[in-house]
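Asks: In our numbering, the protein residues as written are 24 to 311. Just so you know, even glycine gets a beta-carbon here, dropped at the ideal spot from N, CA and C. The structure presented is a predicted model; accordingly, all values stated were derived computationally and were not measured.
Here is the structure:
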């Protein structure tokens, strides 16, 4: 019997052990996302207000970073990066001096230049190299050209800010809504983390942000503000999903590491690359 009691003691001690500690809940990085965005937003607003050559150089610098990240994603395609970089800068400068026509001329001229350099470089997969080069030009370069085009329109600097604010508020609202209410995946094969609930929250956030901004701008009617807000709400998620498609095809989680855990510049501006273009054509139709 003493032996039995002695054997029971260790079992009792094992039974009284504290349960294993619970794993800490994953901390939301929403605050850090906002803290990263604030200085970038302030710098963007300042340069939009200054305009001219400083603004052009600012958006060219931002565009070249995005273009570099794009071509790094497409590295296996061996794009001709120098053509993309030159085309982006050319479209921004052409937007200032030649308007839509100038941007179109640069975009068209990039095609034969790309084909020529691919032929001279004896690429093993020339069609893929040409496609990758032009993807960067028409996805990233053309969008930054439209940034300058939009700013040239009447009240374009304010509309550009409205579009960007709506885009980033929508993106933040989608992230927060997905974390709080997300249940149903939006596009599980493309971006498993995005949810239908997050999409709805993001769209509402974008519409409200642009609409509220319009209340403080006497030249912007409520109808026009609502139109811009709806465009941003619809087009922004498409830009986000498009980048997710490219990253999935490239087998990458993020386009870059410029912002550490928050990815690269392309990850932060993916939606804006679409909304700025849409905002330009909507405002062009409304303002004229």
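Determine the burial state of residue 120: buried for a count of at least 16 other Cβ atoms within 10 Å of its Cβ, exposed for fewer.
Replies: Counting from one through the chain shown, the residue named residue 120 turns up at place 97. With fewer than 16 other beta carbons inside 10 angstroms of its own, residue 120 counts as exposed.
Asks: Within its chain, find whatever has a CB closer than 8 angstroms to the CB of residue 157; leave out the 5 residues flanking it on each side and keep chain order.
Replies: Against the chain shown, residue 157 aligns to sequence position 134. Excluding sequence neighbours, residue 157 sits near 133, 134, 137.
Asks: Quick one: measure Cβ to Cβ for residue 296 and residue 262, integer angstroms, because I've assumed they're closer than 8 angstroms.
Replies: Counted from its first residue, the chain shown places residue 296 at position 273. Counted from its first residue, the chain shown places residue 262 at position 239. Yes, residue 296 and residue 262 are in contact; Cβ-Cβ is about 5 angstroms, under 8 angstroms.
Asks: Around the C-beta of residue 290, are 16 or more other C-beta atoms found within 10 angstroms, so that it is buried, or is it exposed?
Replies: Position 267 of the chain shown holds residue 290. By the neighbour-count rule (16 or more Cβ atoms within 10 Å), residue 290 is buried.
Asks: Is residue 90 closer than 9 angstroms to residue 75 when the C-beta atoms are compared?
Replies: By 1-based counting over the chain shown, the position of residue 75 is 52. By 1-based counting over the chain shown, the position of residue 90 is 67. Going by C-beta atoms, residue 75 is not nearer than 9 angstroms to residue 90.
Asks: Let me check understanding here. Comparing Cα to Cα, which of 85, 101, 56 lies closest to residue 154?
Replies: Numbered from its first residue, the chain shown carries residue 154 at position 131. Selected option, being the one with the closest Cα: 101.
Asks: Work out the CA separation of residue 61 and residue 116 for me, nearest whole Å.
Replies: The count along the chain shown starts at 1 and reaches residue 116 at position 93. The count along the chain shown starts at 1 and reaches residue 61 at position 38. Roughly 27 angstroms separates the two Cα atoms.
Asks: Does residue 239 pass the burial test, meaning 16 or more other C-beta atoms within 10 Å, or should it be called exposed?
Replies: The count along the chain shown starts at 1 and reaches residue 239 at position 216. The residue in question, residue 239, is exposed, as its Cβ has fewer than 16 Cβ neighbours within 10 Å.
Asks: Which runs of the beta strand (DSSP E) fall wholly inside the region 173-218 and span at least 3 residues, in chain order?
Replies: 208-210, 214-218
Asks: Tell me where the alpha helix (DSSP H) around residue 92 begins and ends.
Replies: As a first step, residue 92 is located in the chain shown; it is residue number 69 there, counting from the start. Residues 75-96.
Asks: Report all residues from its chain with a CB closer than 7 angstroms to the CB of residue 181; omit the five preceding and five following residues, and keep chain order.
Replies: Taking the chain shown and counting its residues from 1, the one referred to as residue 181 is at position 158. Excluding residues within five positions, the ones whose Cβ falls inside 7 angstroms are 240.
Asks: Could you tell me the distance, in whole angstroms, from the CA atom of residue 270 to the CA atom of residue 216?
Replies: Start at 1 with the first residue of the chain shown, and residue 270 comes out as number 247. Start at 1 with the first residue of the chain shown, and residue 216 comes out as number 193. Looking at the two C-alpha atoms, the distance is approximately 14 angstroms.
Asks: Quick one, which of 209, 213, 109 has its alpha-carbon nearest residue 221's?
Replies: As a first step, residue 221 is located in the chain shown; it is residue number 198 there, counting from the start. The shortest Cα separation from residue 221 among 209, 213, 109 belongs to 209.
Asks: Assign residue 244 to one of three DSSP states: helix, strand, or coil.
Replies: As a position in the chain shown, residue 244 is number 221, starting the count at 1. Residue 244 falls in the coil class under three-state DSSP.
Asks: The alpha helix (DSSP H) spanning residue 123 covers which residue range?
Replies: Here residue 123 corresponds to residue number 100 of the chain shown, with the count starting at 1. Where residue 123 is concerned, the enclosing alpha helix (DSSP H) stretches over 104-144.
Asks: Less than 8 angstroms between the CB atoms is what I'm expecting for residue 193 and residue 228, so what's the real figure, rounded?
Replies: For the purposes of this step, residue 193 is taken as the residue at position 170 of the chain shown. For the purposes of this step, residue 228 is taken as the residue at position 205 of the chain shown. Between residue 228 and residue 193 the Cβ distance is about 5 angstroms, and since that is below 8 angstroms, they are a contact.
Asks: Alpha carbon to alpha carbon, how far is residue 70 from residue 171?
Replies: Position 47 of the chain shown, counted from the first residue, corresponds to residue 70. Position 148 of the chain shown, counted from the first residue, corresponds to residue 171. Their Cα atoms are separated by approximately 12 angstroms.
Asks: Who are the Cβ neighbours of residue 118 in its own chain at under 6 angstroms, not counting the five residues just before and after it?
Replies: Locating residue 118 in the chain shown gives position 95, where the first residue counts as 1. Taken in chain order, the residues that qualify are 126, 168, 171, 172.
Asks: Where does residue 147 fall in DSSP's three states?
Replies: Taking the chain shown and counting its residues from 1, the one referred to as residue 147 is at position 124. Correct three-state label for residue 147: coil.
Asks: Alpha carbon to alpha carbon, what distance is there between residue 230 and residue 205?
Replies: Position 182 of the chain shown, counting from 1, holds the residue named residue 205. Position 207 of the chain shown, counting from 1, holds the residue named residue 230. The straight-line gap from Cα to Cα measures roughly 20 angstroms.
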